[in-house]
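> The following block contains the structure, expressed as structure tokens.
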Amino acid sequence: PLPPSELKPTTELDLAALGTGAGGGEEAEASRRAMAILRETEGASAFERGALVKTIRNDFWHQFARALDRGDLSPCSLPPPGGAGMRLFGRAYSSSCGVVLARKKLHLPQDVWCWPAGFFAKTEFSTGRKKSESLDSSSSSFFVADELRRNAVPLEKLERMAIRKEYVHFGETRASTEVAPYNEVLAPVTREAVVAVFARTTRPDHLLLAMAARDLLAVASDTALPLLVLDAGGGAD
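Letter 235 of the sequence shown, counting from 1, is numbered 894 in my numbering, and no numbers are missing.
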């Protein structure tokens, strides 16, 4: 029998000590590409560079996979360069993992709906479609609540605010010295745009869930998705 282990589900693993970042191969190259996308801030428009990230509730991955197939509108966040400096949506214990999406592959419309950090748009309650009309989001059936319309900002401004870790507080814009709240972009998510799956901590249970989520998304794809750890304070590893 194996000797007893002191490892617990809540133990934070030292990935550097385990040598997980070493080596090459297809997955290592995919990981480097995903991290490069997370760091992009120059060279193209805000629509053609950088990433969005989305946390997924632990019991919602199968529904999210179907949403990717349909190209559903889904709330995401535009992180600071490298993915560090933003507190992502949801609690890490209940939304332990998520995906990194390349903005270029999302084909975001020029009038994409965006809200700054600190506003907490909660689009699942404040946007939608009128039941009796077309499901085409470009038609007049899609509605956004008046308060959200008044507080929306262009994607380019949201990116600048994310770089400076700025957030709104009772109508004032402030800059965080450490970690800012999440912002929100209502984006049409697709499988093509997913470039990585991430865990929010190095706990074994969170890493195992991220591995399972990666395998779920890989079923309908021949592309190897890398596994990252996206920490609000430390960035991506």
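For each residue, glycine too, the CB sits at the ideal point set by N, CA and C.
Apart from the five residues just before and just after E818, which ones in its own chain have a Cβ nearer than 8 Å to its Cβ?
T700, A705, G709 and L737
> Ends of the beta strand (DSSP E) at R833?
E831 to A834
> Applying the 10 Å Cβ sphere with the 16-neighbour rule, what's the burial state of R873?
Looking at its Cβ environment, which holds 16 or more other Cβ atoms inside 10 Å, R873 is buried.
> What first and last residue would you give for the alpha helix (DSSP H) that runs through P863?
Taken as a continuous stretch (DSSP letters only), the alpha helix (DSSP H) holding P863 covers P863 to A877.
> Taking just the CA atoms, how far does P663 sit from G777?
46 Å
> So, for G702: in the same chain, excluding its five sequence neighbours on each side, which residues have a beta-carbon less than 8 Å away from its beta-carbon?
Cβ neighbours of G702 beyond the five flanking positions: R708.
> Using the three-state DSSP reduction, which class does K713 fall into: helix, strand or coil?
strand
> Suppose you measure from the CA of A871 to the CA of A839; what does that come to, to the nearest Å?
Taking the straight line from one Cα to the other gives about 29 Å.
> Given this structure, state the Cα-to-Cα distance separating G684 from L886, to the nearest angstrom.
14 Å
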